[in-house]
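Working notes for the structure below.
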Amino acid sequence: MTKMGPARRRGLSTEVADSIREAIFDGRYPPGSALREIELSEALEVSRGPVREALQKLEREGIVRAEWHRGATVTALSVQDVAELDSLRGALEVLAVRRVVDQASDESLASIEKAAAEMDRAETPHEMVRCDIAFHDAVYAAANHSRLAQAWEAIRSQVHLFLITRVNVSSDGYLQQIREEHRDLAAALRLGNVEGALELFAEHRQHAFDVLTSGF
């Protein structure tokens, strides 16, 4: 019988990664900020080993970058990063929207509408970004396509960082605008007009892209 090492349970490094990710998404560590192992280990009251593993996990997610001469920093998106994320997100959303319009259940559509309604509770741009991501989570869940959902999950953290970068450039009128846009997106999916829904989703992405790139 082949010998194998003991199975590892959900490790401390995963919990540390969750804490650092939340701090990034809350704005406590803006893009470009240094993530120093010793400071994080002291703040989280853990050894440096789990912190190092956590930073490696977040690097694989694309929200942390590590360079030998600089150490780890929160990813500051380049023009190419933004363009690639926008184009890939667009390609995934086309399939998601078509599948939602084609076969989503009333329950799934209601979940999307609920996610849009939850935006009324957001009081800060960072809270609204979380609601924005949750809305798109609901859309991908309603698409009922496991590999599409996995593809979304692979870029989800980077899209979150994309949206944080967007509000860092400008948040003027952002809260109300995003509420209105997502109500319209949910309504278009409910109506079942695929071309109309695709157009609205494209406009939604384009506006975020335009605001973000105006900061470069």
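Per my numbering, the sequence shown starts with residue 0, numbered consecutively.
We treat Cβ as the ideally placed atom computed from N, Cα and C, and that holds for glycine.
For residue i, tell me which candidate among the options has the shortest Cα-Cα distance.
i       : options                            : result
Arg-27  : Thr-72, Glu-14, Ala-103, Ser-107   : Thr-72
Gly-195 : Glu-179, Val-93, Ala-114           : Val-93
Asn-192 : Tyr-173, Arg-98, Gly-172           : Arg-98
Tyr-173 : Leu-190, Pro-124, Phe-208          : Pro-124
His-217 : Asp-85, Leu-39, Leu-84, Arg-35     : No answer is possible for residue 217: it lies beyond the span of the chain, which begins at 0 and ends at 215.
Glu-58  : Gln-175, Ile-154, Ser-213, Ala-150 : Ile-154
Arg-189 : Arg-64, His-203, Ile-62, Ala-115   : Ala-115
Val-128 : Ala-103, Gln-175, Ile-37, Arg-64   : Gln-175
Gly-31  : Glu-66, Ala-42, Glu-41             : Glu-66
Ala-187 : Arg-178, Ile-177, Leu-199, Glu-179 : Leu-199
Arg-204 : Arg-88, Pro-29, Ser-40             : Arg-88
Asp-131 : Leu-197, Val-81, Arg-182, Ala-33   : Arg-182
Phe-24  : Arg-178, Ser-213, Leu-197, Val-158 : Val-158
Arg-64  : Gln-102, Glu-152, Pro-29           : Pro-29
Round the Cβ separation of residue i and residue j to the nearest angstrom and send it over; I've been treating them as touching at under 8 Å.
i       : j       : result
Leu-76  : Leu-160 : 7 Å
Ala-133 : Glu-122 : About 15 Å separates the two Cβ atoms, so there is no contact after all.
Ser-156 : Glu-14  : That pair is no contact at about 16 Å.
Ala-185 : Glu-112 : 5 Å
Phe-208 : Asp-85  : 5 Å
Leu-108 : Ala-150 : About 22 Å separates the two Cβ atoms, so there is no contact after all.
Arg-47  : Ile-62  : Between Ile-62 and Arg-47 the Cβ distance is about 20 Å, and since that is not below 8 Å, they are no contact.
Leaving out five residues before and five after residue i in sequence, what residues of the same chain have Cβ atoms less than 8 Å from its Cβ?
i       : result
Val-210 : Arg-165, Val-168, Ser-169
Met-3   : Because Met-3 sits at a pLDDT of 35, beneath the cut-off of 50, its placement in the model cannot be relied upon, and the point is left open.
Ser-110 : Ala-137, Ala-140, Ala-141
Val-45  : Leu-11, Val-15
Ala-148 : Tyr-139, Ala-140, Ala-142
So, at 6 Å on beta carbons, what are the nonlocal neighbours of residue i in its own chain, with the 5 sequence-adjacent residues on each side left out?
i       : result
Ser-12  : Pro-49, Glu-52, Ala-53
Ala-201 : none
Phe-215 : Val-78
Ser-145 : none
Val-96  : Ala-196, Leu-197, Phe-200
Ala-33  : Thr-72
Ala-103 : Ala-141
Glu-180 : His-203
Ser-213 : none
Asp-80  : none
Quickly, what does DSSP pair residue i with across the bridge? List them, please.
i      : result
Thr-72 : Ala-33, Arg-64
Can you find the residues in the same chain that come closer than 7 Å, C-beta to C-beta, to residue i, ignoring five residues on each side of it along the sequence?
i       : result
Arg-178 : Met-118, Asp-119
Gly-70  : Ala-33, Arg-35
Thr-74  : Pro-30, Gly-61, Ile-62, Val-63, Arg-64, Leu-160
Return yes when the C-beta of residue i is under 7 Å from any heavy atom of the ligand NAD, and no when it is not.
i       : result
Phe-134 : Ligands in the displayed structure: none, and consequently the ligand NAD is not present.
Review point. Can we say the stretch 15-22 touches the stretch 52-62, given the rule of at least three CB pairs closer than 8 Å?
Key: Using a Cβ-Cβ distance cut-off of 8 Å, the stretch 15-22 and the stretch 52-62 are in contact, since at least three pairs of beta carbons, one from each stretch, lie closer than that value.
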